[in-house]
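**Q** Before I ask anything, let me first share the structure, which is written out below as structure tokens.
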Amino acid sequence: MPMTDTAANPLLTSSPLPLFDAIRPEHVSPALDVLLADANAALETAVAADTPADYDTLSRTLTVATERLGCAWGAVGHLKGVADTPELRAAFNENLPRITEFYTRQGADERLYAKYKAIAASPAAATLSAPRQQALSHWLRDFVLSGAELQGEDKVRFAQIQERLAELSQAFSEHVLDATDSFSYLATTDELAGVPEDVQAATRAAAEAAGQDGHRLTLHMPVYLPVMQYAENRPLRERLYTAYVTRACEAGPPERDNTPVMAEILRLKQEEAALLGYPSYADVSLVAKMAESPKQVTDFLRDLAARARPYAEKDLAELREFAAKELGLSALQSWDVSFASEKLKEARYAFSDQEVKQYFTEPKVLAGLFRIIETLFEVAIRPDSAPVWHESVRFYRIERGGELIGQFYLDPYARPGKRPGAWMDDVKGRWLRPDTGALQTPVAHLVCNFSAPVGGRPALLTHDEVQTLFHEFGHGLHHMLTQVSDLGVSGISGVEWDAVELPSQFMENFCWEWEVLKHMTAHVDSGEPLPRALFDKMIAAKNFQSGLMTLRQVEFALLDMRLHAEPGSDARIQQIVDEVRDEVAAMKPPAFNRFQHTFSHIFAGGYAAGYYSYKWAELLSADAWSAFEEEGVLNPETGRRYRREILEAGGARDAIDNFKAFRGREPKIDALLRHQGMA
Numbered sequence: 015m016p017m018t019d020t021a022a023n024p025l026l027t028s029s030p031l032p033l034f035d036a037i038r039p040e041h042v043s044p045a046l047d048v049l050l051a052d053a054n055a056a057l058e059t060a061v062a063a064d065t066p067a068d069y070d071t072l073s074r075t076l077t078v079a080t081e082r083l084g085c086a087w088g089a090v091g092h093l094k095g096v097a098d099t100p101e102l103r104a105a106f107n108e109n110l111p112r113i114t115e116f117y118t119r120q121g122a123d124e125r126l127y128a129k130y131k132a133i134a135a136s137p138a139a140a141t142l143s144a145p146r147q148q149a150l151s152h153w154l155r156d157f158v159l160s161g162a163e164l165q166g167e168d169k170v171r172f173a174q175i176q177e178r179l180a181e182l183s184q185a186f187s188e189h190v191l192d193a194t195d196s197f198s199y200l201a202t203t204d205e206l207a208g209v210p211e212d213v214q215a216a217t218r219a220a221a222e223a224a225g226q227d228g229h230r231l232t233l234h235m236p237v238y239l240p241v242m243q244y245a246e247n248r249p250l251r252e253r254l255y256t257a258y259v260t261r262a263c264e265a266g267p268p269e270r271d272n273t274p275v276m277a278e279i280l281r282l283k284q285e286e287a288a289l290l291g292y293p294s295y296a297d298v299s300l301v302a303k304m305a306e307s308p309k310q311v312t313d314f315l316r317d318l319a320a321r322a323r324p325y326a327e328k329d330l331a332e333l334r335e336f337a338a339k340e341l342g343l344s345a346l347q348s349w350d351v352s353f354a355s356e357k358l359k360e361a362r363y364a365f366s367d368q369e370v371k372q373y374f375t376e377p378k379v380l381a382g383l384f385r386i387i388e389t390l391f392e393v394a395i396r397p398d399s400a401p402v403w404h405e406s407v408r409f410y411r412i413e414r415g416g417e418l419i420g421q422f423y424l425d426p427y428a429r430p431g432k433r434p435g436a437w438m439d440d441v442k443g444r445w446l447r448p449d450t451g452a453l454q455t456p457v458a459h460l461v462c463n464f465s466a467p468v469g470g471r472p473a474l475l476t477h478d479e480v481q482t483l484f485h486e487f488g489h490g491l492h493h494m495l496t497q498v499s500d501l502g503v504s505g506i507s508g509v510e511w512d513a514v515e516l517p518s519q520f521m522e523n524f525c526w527e528w529e530v531l532k533h534m535t536a537h538v539d540s541g542e543p544l545p546r547a548l549f550d551k552m553i554a555a556k557n558f559q560s561g562l563m564t565l566r567q568v569e570f571a572l573l574d575m576r577l578h579a580e581p582g583s584d585a586r587i588q589q590i591v592d593e594v595r596d597e598v599a600a601m602k603p604p605a606f607n608r609f610q611h612t613f614s615h616i617f618a619g620g621y622a623a624g625y626y627s628y629k630w631a632e633l634l635s636a637d638a639w640s641a642f643e644e645e646g647v648l649n650p651e652t653g654r655r656y657r658r659e660i661l662e663a664g665g666a667r668d669a670i671d672n673f674k675a676f677r678g679r680e681p682k683i684d685a686l687l688r689h690q691g692m693a
């Protein structure tokens with residue numbers, strides 16, 4: 015229904031935080047009519063002959079309008095990720111081409127490019143602050159990568175490619191969500207033998223809510239993972255595994271098949287690279303990253319694979335022998351791996367993930383996490399209030415010396431209409447606003463997909479989920495603790511993609527420290543903290559199958575790099591998948607496995623030719639953590655140095671310079687191998 019009253023549109027208010035509880039699908043188009051018109055007018059003003067080529071003038075003229083547009087569209091995109099409905103999806107998809115067209119046109123506007131080149135060439139450029147000089151160099155680079163130097167038909171084609179890629183990545187994401195949400199299986203209690211009671215309670219409640227008897231199983235992680243790990247019923251594991259690895263592929267409904275989507279994405283990215291004068295999309299992707307070439311990345315990955323292979327082969331041999339001897343599984347299949355691994359871990363280390371989970375109640379874990387952040391980074395975290403999109407969402411503020419420095423939303427639980435996985439996203443960045451002169455403090459979203467509390471008990475997290483929570487908070491701290499006040503390089507903005515995982519992976523290390531865990535655990539029934547003996551078993555098991563896990567990550571990263579570096583990859587996706595598995599995988603999955611059809615990181619999430627970043631940044635984070643191992647895990651002085659040189663610096667310096675300022679030297683691979691038991 016049309017809405018003419020812009021004053022009543024929650025996407026157009028001057029409220030400091032998005033009005034998530036009031037935004038409706040029918041608000042989207044009218045709001046964007048206004049915001050796009052304002053942004054277009056601002057662009058024309060910015061490029062006018064009488065507008066001086068001056069940093070502050072362009073910020074005031076253009077950035078204020080585009081930031082407002084970005085915040086509103088970001089709120090809509092966020093809601094689509096956490097509270098999707100058919101109506102919201104339709105409104106989003108209807109407006110996606112308009113948004114893409116504006117940003118593509120702005121990024122390729124040669125008049126605007128000329129203004130920024132004039133700033134860089136002016137005597138005033140030398141007097142700009144270091145963060146502003148960094149932001150300026152990024153803008154000049156990004157103009158080139160956005161097609162600002164293209165002419166005529168090439169420029170038109172480049173814009174068409176960007177618009178189509180936005181549609182395709184959105185379609186890829188929707189197909190994954192719909193394929194995940196569409197599967198359910200009604201299991202009997204007998205079929206769930208071995209599955210933990212809290213999972214059974216949740217699946218029973220889900221069946222009841224759907225007016226069914228039994229247990230409603232889905233492909234959402236809080237159900238899928240424990241079934242694969244604990245269900246003694248092998249046909250049930252095979253059923254769920256098969257459904258999971260054939261989501262959004264040719265085995266399902268044609269309208270959800272990502273096969274043509276992936277091929278077209280790769281084809282268009284190859285064409286984009288050719289227009290920009292690069293041999294491949296991988297080369298384009300690496301221009302703004304730490305790694306220098308696709309070859310450097312593939313060499314790094316193959317070196318890591320070679321180091322991990324002996325450990326992975328040993329892991330697999332032990333698993334096969336145990337499965338045959340103790341579980342009667344003579345031919346280990348992919349749907350047996352999680353189950354057999356969990357049983358082997360229990361046998362070898364005399365504990366289970368389920369036993370550990372009873373000690374990690376969500377309130378206790380959060381309190382422990384907050385205490386670490388407060389101790390190490392000299393801040394206070396307090397509950398705060400803001401409009402939210404679901405009653406389980408919470409909002410907090412971070413203060414130092416009574417002064418607000420950041421805020422965040424925490425959305426912890428899985429539910430229908432919420433995309434799978436865990437992520438951090440920015441709501442707005444730290445910015446000394448040129449329009450008001452006020453300092454805008456950063457705001458972040460921290461989103462997970464844990465099991466919600468059942469039956470009046472607190473939510474319980476597996477140790478893996480605890481690490482996921484810490485990981486996302488690492489991203490959040492990188493965004494919120496920044497002391498840089500220039501929008502393009504504050505927080506996570508402007509940080510090289512292959513270094514952006516450093517703070518997130520760094521935080522995971524706390525989950526393996528006794529001094530930390532004894533204060534953030536309490537048994538759900540007795541309230542007792544995690545026993546030291548159980549912790550020691552967890553440490554002994556920490557690198558259980560780390561060889562296999564390393565090869566798995568290398569497999570994904572190498573697949574990503576090859577798909578984006580090799581000409582004609584769009585016509586032989588499955589062939590490249592098979593070749594990478596032949597080269598890297600210790601145990602090959604069944605031929606029907608279509609993992610790539612849900613590889614959202616690279617087809618819908620910004621990690622195209624960048625998935626290697628996880629391993630690359632892990633090298634950096636392990637090395638950074640070794641400073642804390644040397645100087646004391648909760649040493650405030652080390653924490654202060656890390657905060658100052660890495661978290662607060664954000665994207666205002668090159669990541670390698672941030673690292674060297676903290677560590678006093680170049681990064682080394684030793685700590686990574688040692689941390690994973692492969693030294």
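The opening residue of the sequence shown carries number 15 in my numbering; numbering runs sequentially from there.
Even for Gly, the Cβ is constructed at its ideal location relative to N, Cα and C.
#1: Would you kindly report the start and end of the unbroken alpha helix (DSSP H) that includes F642?
#2: Starting from the Cα of T75, find the closest Cα among K674, V61, C85 and give me that residue.
#3: Using the three-state DSSP reduction, which class does W511 fall into: helix, strand or coil?
#4: Assess, as a yes-or-no matter, whether the stretch 300-314 is touched by the stretch 146-166 under the definition of 3 or more beta carbon pairs within less than 8 Å.
#5: Among all the DSSP beta bridges, which residues are the ones paired with P397?
#6: Looking at the secondary structure, which residues open and close the beta strand (DSSP E) in which Y199 lies?
#7: If you follow the beta strand (DSSP E) that E417 is part of, which residue opens it and which one closes it?
#8: In three-state DSSP terms, what is D439?
#9: Counting contacts by CB-CB distance shorter than 9 Å, is M438 in contact with chain B?
#10: For a quick check, are the C-beta atoms of Y295 and L280 less than 9 Å apart?
#11: According to DSSP, simplified to helix, strand and coil, what is N463?
#12: Give every residue of the same chain whose Cβ lies closer than 6 Å to the Cβ of A554, excluding the five residues on either side of it in the sequence, and list them in chain order.
#13: Going by beta carbon distance, what residues of the same chain come within less than 7 Å of Y69, once the five residues before and after it are set aside?
#14: Taking all protein chains shown into account, do 16 or more other C-beta atoms lie within 10 angstroms of the C-beta of S151, making it buried, or fewer, making it exposed?
#15: What does DSSP give as the partner residue(s) for V457 in the beta ladder?
#16: When you compare only the Cα positions, how much space is there between G225 and Q174?
#17: How about A86 and L126: are their beta carbons less than 9 Å apart?
#18: H229 lies in the beta strand (DSSP E); which residues open and close that run?
#19: Consult DSSP for P16 and reduce its assignment to one of helix, strand or coil.
#20: For L474, write down the residues that DSSP places opposite it in a beta bridge.
#21: Given a cut-off of 9 Å on the beta-carbon distance, is the pair A97 and G431 in contact?
#22: Pull up the distance between the alpha-carbon of V600 and that of E188, whole angstroms please.
#23: Quick check: what's the CA-CA separation for G541 versus Q368?
#24: Assign P604 to buried or exposed, taking buried as 16 or more other Cβ atoms, counted over all protein chains shown, within 10 Å of its Cβ.
#25: Between the C-alpha atoms of F676 and E659, what's the straight-line distance to the nearest angstrom?
#26: Quick one: residues in its chain with C-beta nearer than 7 Å to the C-beta of K359, no 5 flanking neighbours on either side, listed in chain order?
#27: Please identify the residue among T256, T652, Y410, L633 whose C-alpha is closest to the C-alpha of I670.
#28: Over the uninterrupted alpha helix (DSSP H) stretch that includes R334, give me the two end residues.
#29: Quick check on DSSP: helix, strand or coil for N272?
#30: So, does the stretch 678-689 touch the stretch 636-649, judging by three or more C-beta pairs under 8 Å?
#31: Going by CA-CA distance only, name the one from A536, E510, F524, A641 that's closest to R667.
#32: In its own chain, which residues sit with a C-beta less than 7 Å from the C-beta of G382, not counting the 5 before and 5 after it?
#33: Apart from the five residues on each side of it in sequence, which residues of its chain come closer than 8 Å, Cβ to Cβ, to M276?
#34: Answer yes or no: the CB of A394 versus the heavy atoms of the ligand FMN, is any distance below 8 Å?
#35: So is L661 buried or exposed if we call it buried at 16+ other beta carbons inside 10 Å?
#36: By how many angstroms is the C-alpha of R385 removed from the C-alpha of V42?
**A** According to the data block:
#1: Within the sequence shown, residue 642 is the residue found at index 628, counting from 1. Taken as a continuous stretch (DSSP letters only), the alpha helix (DSSP H) holding F642 covers 627-645.
#2: Locating residue 75 in the sequence shown gives position 61, counting from the first residue. Among K674, V61, C85, the Cα nearest to that of T75 is on V61.
#3: The sequence position of residue 511 within the sequence shown is 497, counting from 1. Correct three-state label for W511: coil.
#4: yes
#5: Reading the sequence shown from its first residue, position 383 is the one you call residue 397. Beta-bridge pairing links P397 to Y410.
#6: Along the sequence shown, one-based indexing puts residue 199 at 185. Where Y199 is concerned, the enclosing beta strand (DSSP E) stretches over 199-201.
#7: As a first step, residue 417 must be located in the sequence shown, where it is residue number 403. E417 -> beta strand (DSSP E) spans 417-427.
#8: The sequence position of residue 439 within the sequence shown is 425, counting from 1. The answer is strand: DSSP assigns D439 an E or B state.
#9: Among the protein chains of the structure shown there is no chain B, as only one such chain exists.
#10: Along the sequence shown, read from residue 1 onward, the residue named residue 295 stands at position 281. Along the sequence shown, read from residue 1 onward, the residue named residue 280 stands at position 266. For Y295 and L280, yes; Cβs fall inside 9 Å.
#11: Looking up residue 463 in the sequence shown gives position 449. Correct three-state label for N463: strand.
#12: If you number the sequence shown from 1, residue 554 lands on position 540. Around A554: Y363.
#13: For the purposes of this step, residue 69 is taken as residue 55 along the sequence shown, with counting starting at 1. Hits under 7 Å: I133, L142, R146.
#14: In the sequence shown, residue 151 corresponds to position 137, counting from 1. The residue in question, S151, is exposed, as its Cβ has fewer than 16 Cβ neighbours within 10 Å.
#15: Counting from 1 along the sequence shown, the entry for residue 457 is found at position 443. Per DSSP, Q421, K442.
#16: Taking the first residue of the sequence shown as 1, we reach residue 225 at position 211. Taking the first residue of the sequence shown as 1, we reach residue 174 at position 160. Using only the alpha carbons, I get a separation of about 48 Å.
#17: The residue you call residue 86 lines up with position 72 of the sequence shown. The residue you call residue 126 lines up with position 112 of the sequence shown. Result no, Cβ atoms of A86 and L126 do not sit closer than 9 Å.
#18: To locate residue 229, count along the sequence shown from 1; it is residue 215. Residues 229-231.
#19: The residue you call residue 16 lines up with position 2 of the sequence shown. Reliability fails at P16, whose pLDDT of 43 lies under 50, so the model's placement of it is uncertain and the value that follows must be treated cautiously. DSSP places P16 in coil when its eight states are reduced to three.
#20: Numbered from 1 along the sequence shown, position 460 holds the residue referred to as residue 474. BP columns for L474 point to T375.
#21: Looking up residue 97 in the sequence shown gives position 83. Looking up residue 431 in the sequence shown gives position 417. Closer than 9 Å, so yes.
#22: As a working note, residue 600 is residue 586 in the sequence shown. As a working note, residue 188 is residue 174 in the sequence shown. Here residue 600 is Ala; the residue named in the question, Val, does not match the sequence. For A600 and E188, the distance between alpha carbons rounds to 32 Å.
#23: By one-based count along the sequence shown, residue 541 stands at place 527. By one-based count along the sequence shown, residue 368 stands at place 354. Cα to Cα, the separation comes out at about 16 Å.
#24: Numbered from its first residue, the sequence shown carries residue 604 at position 590. P604 should be labelled exposed.
#25: Here residue 676 corresponds to residue number 662 of the sequence shown, with the count starting at 1. Here residue 659 corresponds to residue number 645 of the sequence shown, with the count starting at 1. One C-alpha to the other measures close to 6 Å.
#26: Within the sequence shown, the letter at position 345 stands for residue 359. Result list for K359: A555, F558, in chain order.
#27: The residue you call residue 670 lines up with position 656 of the sequence shown. Here the closest residue by C-alpha is L633.
#28: Locating residue 334 in the sequence shown gives position 320, where the first residue counts as 1. It spans 308-341 - the alpha helix (DSSP H) in which R334 sits, taken as one unbroken run.
#29: Against the sequence shown, residue 272 aligns to sequence position 258. Residue state, collapsed to three classes: coil.
#30: yes
#31: Numbered from 1 along the sequence shown, position 653 holds the residue referred to as residue 667. Ranking A536, E510, F524, A641 by Cα distance to R667 puts E510 first.
#32: In the sequence shown, the residue the question calls residue 382 occupies position 368. Only V530, H533, M534 meet the Cβ criterion.
#33: Numbered from 1 along the sequence shown, position 262 holds the residue referred to as residue 276. Cβ neighbours of M276 beyond the five flanking positions: F186, D584, I587, Q610, H611, F617.
#34: The ligand FMN is not part of the structure shown, which contains no ligands of any sort.
#35: Taking the first residue of the sequence shown as 1, we reach residue 661 at position 647. Its Cβ being crowded by 16 or more others within 10 Å, L661 is buried.
#36: As a position in the sequence shown, residue 42 is number 28, starting the count at 1. As a position in the sequence shown, residue 385 is number 371, starting the count at 1. Spanning the two alpha carbons is a distance of roughly 40 Å.
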